[in-house]
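J.: Here you go, one structure.
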Amino acid sequence: MRDAADIGAGTGKFTSLLVERALAVSAVDPSTDMLTQLRKTYPQVIALEGSAEATGLADSAFDVVSVAQAWHWCDPLAASTEIARILRPQGVIGLIWNQLDTSVPWVHRLSRIMHAGDVHKPDFRPVVGREFAGLESHVTRWEDPVTPADILELVKSRSYYLRANETTRAKVTGNLEWYLFEHLGHAEGEVIPLPYLTQSWRARKV
Numbered sequence: 001m002r003d004a005a006d007i008g009a010g011t012g013k014f015t016s017l018l019v020e021r022a023l024a025v026s027a028v029d030p031s032t033d034m035l036t037q038l039r040k041t042y043p044q045v046i047a048l049e050g051s052a053e054a055t056g057l058a059d060s061a062f063d064v065v066s067v068a069q070a071w072h073w074c075d076p077l078a079a080s081t082e083i084a085r086i087l088r089p090q091g092v093i094g095l096i097w098n099q100l101d102t103s104v105p106w107v108h109r110l111s112r113i114m115h116a117g118d119v120h121k122p123d124f125r126p127v128v129g130r131e132f133a134g135l136e137s138h139v140t141r142w143e144d145p146v147t148p149a150d151i152l153e154l155v156k157s158r159s160y161y162l163r164a165n166e167t168t169r170a171k172v173t174g175n176l177e178w179y180l181f182e183h184l185g186h187a188e189g190e191v192i193p194l195p196y197l198t199q200s201w202r203a204r205k206v
């Protein structure tokens, strides 16, 4: 494996993992601002403005294509066709999501307070086109050391919060502060291990 494309690369969080593995990496994202930041951080990466449905990349140029935390923004069938076009024979597509581990009771309640709508059900399988076969999955459990202030910032990044009016936002933050400080008994600045899942799927081009 030599050549990788990261689709929906953003500022390069997942791209960096491909670079660390000494792969020749191309990154695609629709955001000019994010790609500008990616180019500054990873000048060795070829960064192109585009989408999963229209990457602008060459035919049969890659051994692996990754889509991390972005497949839900794509048209999965059109994106599958495009990714199959840029993959070499037997090339691999990798789909990756991070989400809160709601099998942990206190995290499940936290996700309800946060209105975290991006939590997949246990039987979730991403849709991929007929260009791919042998879809396999893997789950990694891990913990992110965060403070209550970090969790509040996480809430503020959620689409529910961003769309809400000031009254609803105040209610969400009030409920969160009660839950963290009064119900769970955490202190300001305390480091809390927040359980996460990384859900990964891969399939090969047929």
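Residue numbers for the sequence shown follow the working numbering, so the first one is 1 and each next one is one higher. Glycine included, each C-beta is placed from N, C-alpha and C at the ideal position. Every value quoted in this text rests on a predicted model; they were computed, and no experiment measured them.
Ends of the alpha helix (DSSP H) at residue 153?
T.: 148-156
J.: At the level of alpha carbons, what is the spacing between residue 95 and residue 18?
T.: 14 Å
J.: Beta carbon of residue 192, beta carbon of residue 176: below 8 Å?
T.: Contact check for residue 192 against residue 176 fails: the beta carbons are separated by 8 Å or more.
J.: Inspect the beta-carbon positions of residue 123 and residue 196 and report whether they are closer than 8 Å.
T.: no
J.: Nearest to residue 33 by CA position, among 44, 49, 21, is which residue?
T.: 49
J.: Looking at the ligand PLP, does it come within less than 7 Å of residue 168, judged from the CB to the closest heavy atom?
T.: Looking for the ligand PLP in the displayed structure turns up nothing, as the structure carries no ligands at all.
J.: For residue 76 and residue 125, I'd like the C-alpha separation in whole angstroms.
T.: 12 Å
J.: Give the straight-line distance between the Cα atoms of residue 92 and residue 178, rounded to the nearest whole angstrom.
T.: 46 Å
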